[in-house]
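J.: Submitted below is the structure of interest, expressed as structure tokens.
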Amino acid sequence: MADLTTYFFGIKSPNPFWLASAPPTDKEYNVVRAFKAGWGGVVWKTLGDGDPVVNVNGPRYGAIHGKDRQLLGLNNIELITDRPLEVNLREIKQVKRDWPDRALVVSLMVPCEEQNWIDILKAVEDTEADGVELNFGCPHGMSERGMGSAVGQVPEYIEMVTRWVKKHSRMPCIVKLTPNITDIRKPAQAAKAGGADAVSLINTINSIVSVDLDAMSPAPMVDGKGAHGGYCGPAVKPIALNMVAEIARDPETHGLPISGIGGVTTWRDAAEFMALGAGSVQVCTAAMTYGFKVVEDMIEGLSDWMDEKGYTSVDQVVGRAVPNASDWQHLNLNYIAKAKIDQDLCIQCGRCHIACEDTSHQAITNMVDGARKFEVIDEECVGCNLCVNVCPVENCITMEQMAPGTVDPRTNKVVEEKYANWTTHPNNPMAVPEAAE
Amino acid sequence: MTQTKAGPDIAAGRLPQEAYAENFSDLHPLLEPHEAQVEADRCYFCYDAPCMQACPTSIDIPQFIRQISTGNPTGSAKTIFDQNILGGMCARVCPTETLCEQVCVREVAEGKPVQIGQLQRYATDHYMAENETQPYQRAASTGKKIAVVGAGPAGLACAHRLAMHGHDVTLFDAREKAGGLNEFGIASYKSVDNFAAREVEFVLSIGGIDLKTGTRLGDNLNLADLRASYDAVFLGIGLGGVNALGLNDEDKGGSLDAVDYIANLRQAHDLGKLPVGRRVVVIGGGMTAVDIAVQTKLLGADDVTIAYRRGQDRMNASEYEQHLAQTNGVKIMTWAQPKALVAANGSVTGIELERTQDQDGSLTGTGETVTLEADMVFKAIGQTLVDTDLGGALTLEKGRIVVDADRKTSLDDVWAGGDCVAGGEDLTVAAVEDGKIAAEAINAALSA
């Protein structure tokens, strides 16, 4: 059985599944339940200094649901912990003492004054927690006070605060990044420059989940008004994967440990984050939807998959897909594929036809010899994959590569074996003579 | 089974009072909103959808299901009513398993079609609960007068569409209550809570339709007078006669027409007062046979048998209906045809059946017989058009009125639809389509 033990730049946990800093990690009670359920680590809900923050007492969450109430996306307007600092610190210390084999990282957010950071770091060090995570991501409430994503959106601030943290503490430091920024590589570079040991991402995305059309207010609605919140859950996973990959691929940050966050719901999601460079993953929405038990199959599923693939440790998975995460300009323009419909699997719903006919390339029939039949017209098919995506039957439509040497009936050109991309294409005014893969 | 009681055992109140309500409750209760959402989401919104092709009234099924899915059940109902103003009843009685749901791509793919009938009911029930009247406005009055004879599904659909076009319609019906087979023929558990009557009211709410009940073609109404007084006539008169077995003792007590008994059952205020035999034999293999068999069983008959002269695969009742009969404890005896009624003291006591076989495509008796004891024998072997009611003015074929694609009869100013026309499917939904097509044809003819 694969060894899931995770060494995230020195923070050890029995598996890579951590609970993200959020309501599930706000109290000893919840965290102990999580550890009992099998979670490898937690990032304790963000501590602040001074008087505890105050949360709204109306709804704090809004959601996007599928038709059977599958929770696809969750949004929240909850702030950092609203419990007294001393209580949190006492509980953190106790939990770490009782669960020494689990990762316990403490999320922090205090004003951008060096002294505030010195003070809180000292208090956290006393708990013997494994490390700190700097919350530069929270997009609501705290950002209005110059913290959270207000810091995360300014790389100079990230670097400055990270530097303070490394200067005044021996603890490992993870910088949590906000996705509410144009280029995620910049804050990651800043974190690294400041001495961060790792980054974690993504924090939640600015969002309004819905509008109450009777009250004419964004939801969740607090006494007739709504504010934007932070979006998370399965819906944000693609955004998070891209941002993780961007950092993993960037020469300046390549190799910087990443804790992947954003819609991790299953072991497969976790494996995908890991393949794109995440050394651990953090989970929140899945736990908030189903409870802590979901970790059981995350552990089991990841382990079984690794066994099946012959991976014996998580290191062998982490970053494995990064070399294949490329840029458009480096994709092989000589690779030609055509959609193919398996007539035995086709249930004749016609969605491929209407999608192609109305919105794409008119490359799928609806009638052949007077009978309802959906077939790809190779002369028109550009291999776009839309039909594959709209088909309700898995594997009914596949993209088949055309063998080099054959003629593409759409262009009447011979399919070339040689790799060629946009950088050398004659239509590219900036073309160079020879393509590099 | 030997009976100790002398004479036929026909009695009312076989069951505790509360059992009637339970037995005759809604066969398929209305979907809850969440159930409807989930079911609607199963629809693939097919291109040129097979279900729509299979619907005799061509309802845009993917569209109405999508409208349920988007939280617009009112729009969904309008999509249905656009093609079928009796969409509420059709949702209840259509044999969807042989129409839309049979060709649903999910039926083909996984044997589990989208529950189109149930979704249609969800939308139409929603509309009828939320709105006092049907959704259409009448066009400006044309001053044309049209007689629609028969207020069953064909007549109602025709009258509604004609009224929409601004014509003035007089809707005649032989009974004291409109609705036709919807009111008097459908099995009780398919149309609970007086739905048929509520739907008639809904259809008539468009205005411009003058309902005259108790007027019967051949009695106090004749076709020649109608043609003289109206600009056009539509006949949706159904089939007034019932096929007989052609055996001795058919006039004896306990030998009954299924359609009459069902009509009484549908109108009964207290099912506990309806006498039913302890042992019942039903002759026939269609929907009516299943309806009478199941309902007598639900009224407390001990032993109900449907006897059909061919194999189960040849029964006109759909497979679903056959299962419904069997799960309600009705026995289906195939390859058996009636040979003689057994009677004593003025009542039937049983029926002698002859075993049959298929010999090179023709049905023959084997000579072997079996006698079933019975307190009631129901005939459900089809209904007939009483052509004398028509005064011999119309061309008939196999005892039904011949119509063209526009549902026009051999007379230029007379149209017909529903069960009384030749080549029909004897389905509520087909009758609605006939009425709709005829109305459009009449409108076109009168506007020319």
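Keeping their order, the protein sequence lines are chains A and B. Here the first sequence stands for residues 3 to 439, where the numbers follow the working numbering. Here the second sequence stands for residues 997 to 1444, where the numbers follow the working numbering. C-beta: ideal position from N, C-alpha, C; glycine also. Given the structure is predicted, the values throughout are model-derived calculations rather than measurements.
Based on the DSSP secondary-structure assignment, which residues constitute the bridge partners of residue 46 of chain A?
T.: Taking the first sequence and counting its residues from 1, one reaches residue 46 of chain A at position 44. A:108, per the DSSP bridge assignment.
J.: Among B:1349, B:1053, B:1063, B:1098, which one has its Cα closest to the Cα of residue 1315 of chain B?
T.: Taking the first residue of the second sequence as 1, we reach residue 1315 of chain B at position 319. Ranking B:1349, B:1053, B:1063, B:1098 by Cα distance to residue 1315 of chain B puts B:1098 first.
J.: How do the stretch 1202-1220 of chain B and the stretch 1337-1351 of chain B stand: do at least 3 beta-carbon pairs fall below 8 Å, yes or no?
T.: Counting Cβ pairs under 8 Å, fewer than three are found: no touch.
J.: With three or more beta-carbon pairs closer than 8 Å as the criterion, would you say the stretch 65-79 of chain A touches the stretch 322-330 of chain A?
T.: Taking 8 Å as the limit for Cβ pairs, the verdict is that the stretch 322-330 of chain A does not touch the stretch 65-79 of chain A.
J.: Just list the residues that DSSP pairs residue 1396 of chain B with in beta bridges.
T.: Here residue 1396 of chain B is taken as the residue at index 400 of the second sequence, counted from 1. DSSP lists B:1393 as partners of residue 1396 of chain B.
J.: Rounded to a whole number of angstroms, what is the C-alpha to C-alpha distance between residue 21 of chain A and residue 404 of chain A?
T.: Here residue 21 of chain A corresponds to residue number 19 of the first sequence, with the count starting at 1. Here residue 404 of chain A corresponds to residue number 402 of the first sequence, with the count starting at 1. Residue 21 of chain A and residue 404 of chain A: Cα-Cα distance of roughly 45 Å.
J.: Taking only the alpha-carbon atoms, compute the straight-line gap between residue 414 of chain A and residue 388 of chain A and give it to the nearest angstrom.
T.: Taking the first sequence and counting its residues from 1, the one referred to as residue 414 of chain A is at position 412. Taking the first sequence and counting its residues from 1, the one referred to as residue 388 of chain A is at position 386. Taking the straight line joining both Cα atoms gives about 23 Å.
J.: Output the distance between the C-alpha atoms of residue 256 of chain A and residue 117 of chain A, rounded to the nearest integer angstrom.
T.: Position 254 of the first sequence, counting from 1, holds the residue named residue 256 of chain A. Position 115 of the first sequence, counting from 1, holds the residue named residue 117 of chain A. Approximately 32 Å, taken between the alpha carbons.
J.: Based on the DSSP secondary-structure assignment, which residues constitute the bridge partners of residue 231 of chain A?
T.: In the first sequence, counting from the first residue as 1, residue 231 of chain A sits at position 229. Answer is A:209.
J.: By the three-class DSSP mapping on this structure, what secondary structure does residue 1239 of chain B have?
T.: The residue labelled residue 1239 of chain B in the question sits at position 243 within the second sequence. Reduced to three states, the DSSP call for residue 1239 of chain B is coil.
J.: Short of 6 Å in beta carbon distance, which residues of its chain neighbour residue 1333 of chain B, apart from the five on each side in sequence? Order them along the chain.
T.: Position 337 of the second sequence, counted from the first residue, corresponds to residue 1333 of chain B. Only 1305, 1350, 1352 meet the Cβ criterion.
J.: Under three-state DSSP, which class holds residue 1019 of chain B?
T.: For the purposes of this step, residue 1019 of chain B is taken as the residue at position 23 of the second sequence. Looking at residue 1019 of chain B - three-state DSSP - the assignment turns out to be helix.
J.: Chain B partners of residue 352 of chain A, CB-CB under 7 Å?
T.: As a first step, residue 352 of chain A must be located in the first sequence, where it is residue number 350. Per Cβ cutoff of 7 Å: 1042, 1043, 1044.
J.: Answer with yes or no whether the minimum CB distance from residue 1033 of chain B to chain A is below 7 Å.
T.: Here residue 1033 of chain B refers to the residue found at position 37 when the second sequence is read from its first residue. Chain A, which has a Cβ nearer than 7 Å to the Cβ of residue 1033 of chain B, makes this yes.
J.: For residue 1103 of chain B and residue 1369 of chain B, I'd like the C-alpha separation in whole angstroms.
T.: In the second sequence, the residue the question calls residue 1103 of chain B occupies position 107. In the second sequence, the residue the question calls residue 1369 of chain B occupies position 373. So the two alpha carbons sit approximately 42 Å from each other.
J.: Assuming residue 1272 of chain B contacts residue 1292 of chain B under a Cβ cut-off of 8 Å, what Cβ separation, rounded to an integer in Å, is found between them?
T.: As a first step, residue 1272 of chain B must be located in the second sequence, where it is residue number 276. As a first step, residue 1292 of chain B must be located in the second sequence, where it is residue number 296. Correct: roughly 5 Å between the Cβ atoms.
J.: Residue 1281 of chain B CB to nearest chain A CB: under 7 Å?
T.: Walking along the second sequence from the start, residue 1281 of chain B turns up at place 285. So, not an interface residue.
J.: Whole angstroms are fine: how far does the CA of residue 406 of chain A sit from the CA of residue 332 of chain A?
T.: Here residue 332 of chain A refers to the residue found at position 330 of the first sequence. Here residue 406 of chain A refers to the residue found at position 404 of the first sequence. So the two alpha carbons sit approximately 19 Å from each other.
J.: Locate the alpha helix (DSSP H) running through residue 1494 of chain B, then write down its first and last residues.
T.: In the structure displayed, chain B extends from 997 to 1444; residue 1494 of chain B sits before or after that span and is not available.
J.: Just confirm the distance between the C-beta atoms of residue 1220 of chain B and residue 1387 of chain B, as a whole number of angstroms; I'd bet it's less than 8 Å.
T.: Here residue 1220 of chain B refers to the residue found at position 224 of the second sequence. Here residue 1387 of chain B refers to the residue found at position 391 of the second sequence. With a Cβ gap of about 6 Å, residue 1220 of chain B and residue 1387 of chain B count as contacting.
J.: If you run the structure through DSSP and keep just helix, strand and coil, what is residue 9 of chain A?
T.: The residue you call residue 9 of chain A lines up with position 7 of the first sequence. Residue 9 of chain A: strand per DSSP, three-state reduction.
J.: Hey, could you find the ends of the alpha helix (DSSP H) residue 448 of chain A is sitting in?
T.: Residue 448 of chain A cannot be examined here, being either before or after the span of chain A that is shown, 3 to 439.
J.: Less than 6 Å between C-beta atoms, sequence neighbours within five positions excluded: which residues of the same chain meet that for residue 997 of chain B?
T.: Here residue 997 of chain B corresponds to residue number 1 of the second sequence, with the count starting at 1. Confidence at residue 997 of chain B is low in this model, with a pLDDT of 47, below 50, so its placement is unreliable and the value that follows should be read with caution. So the list is empty, once near-sequence residues are dropped.
J.: Please state if the CB of residue 417 of chain A and the CB of residue 338 of chain A are separated by a distance shorter than 7 Å.
T.: What you label residue 338 of chain A is simply residue 336 of the first sequence in a count that begins at 1. What you label residue 417 of chain A is simply residue 415 of the first sequence in a count that begins at 1. For residue 338 of chain A and residue 417 of chain A, yes; Cβs fall inside 7 Å.
J.: Quick one: what's residue 369 of chain A bridged to in DSSP?
T.: For this step, residue 369 of chain A is matched to residue 367 along the first sequence. Per DSSP, A:374.
J.: Quick one: grab the DSSP three-state call for residue 417 of chain A.
T.: Numbered from 1 along the first sequence, position 415 holds the residue referred to as residue 417 of chain A. Correct three-state label for residue 417 of chain A: coil.
J.: Who pairs with residue 220 of chain A in a beta bridge, going by DSSP?
T.: The sequence position of residue 220 of chain A within the first sequence is 218, counting from 1. In the DSSP output, where bridge partners are listed per residue, residue 220 of chain A has A:213.
J.: Ordered along the chain, which non-local residues of its own chain (more than five positions away) have a Cβ less than 8 Å from that of residue 60 of chain A?
T.: As a working note, residue 60 of chain A is residue 58 in the first sequence. So the list reads 222, 223, 224, 225, once near-sequence residues are dropped.
J.: Whose CA, out of B:1372, B:1359, B:1148, B:1096, lies closest to the CA of residue 1301 of chain B?
T.: Numbered from 1 along the second sequence, position 305 holds the residue referred to as residue 1301 of chain B. The candidate whose alpha carbon is nearest that of residue 1301 of chain B is B:1372.
J.: Use the C-beta contact count for residue 420 of chain A: other C-beta atoms within 10 angstroms, 16 or more gives buried, fewer gives exposed.
T.: Here the question's residue 420 of chain A lines up with position 418 in the first sequence. The residue is exposed, with fewer than 16 neighbouring Cβ atoms inside 10 Å.
J.: What is the residue span of the beta strand (DSSP E) that residue 21 of chain A lies within?
T.: Taking the first residue of the first sequence as position 1, residue 21 of chain A is located at position 19. Taken as a continuous stretch (DSSP letters only), the beta strand (DSSP E) holding residue 21 of chain A covers 19-21.
J.: So the beta strand (DSSP E) residue 280 of chain A belongs to, where does it begin and stop?
T.: Counting from 1 along the first sequence, the entry for residue 280 of chain A is found at position 278. Where residue 280 of chain A is concerned, the enclosing beta strand (DSSP E) stretches over 280-285.
J.: Taking the alpha carbon of residue 1375 of chain B as the point to measure from, which residue in B:1429, B:1258, B:1408, B:1269 has its own alpha carbon closest?
T.: Residue 1375 of chain B sits at position 379 when you count from the first residue of the second sequence. Nearest of B:1429, B:1258, B:1408, B:1269 to residue 1375 of chain B, Cα basis: B:1258.
J.: I'd like to know if residue 295 of chain A contacts chain B, where contact means its C-beta is closer than 7 Å to some C-beta of that chain.
T.: Mapped onto the first sequence, residue 295 of chain A falls at position 293. Using beta-carbon distances, residue 295 of chain A does not count as an interface residue toward chain B, since no partner is under 7 Å.
J.: Give me the chain A residues within the contact set of residue 1037 of chain B, using Cβ-Cβ distance strictly less than 8 Å, ordered along the chain.
T.: Translated into the one-based positions of the second sequence, residue 1037 of chain B becomes position 41. Per Cβ cutoff of 8 Å: 68, 69, 70.
J.: Is any beta-carbon of chain A found at less than 7 Å from that of residue 997 of chain B?
T.: Stepping through the second sequence from its first residue, residue 997 of chain B is reached at position 1. Note on residue 997 of chain B: pLDDT 47, under 50, position unreliable in the model; no value is reported.
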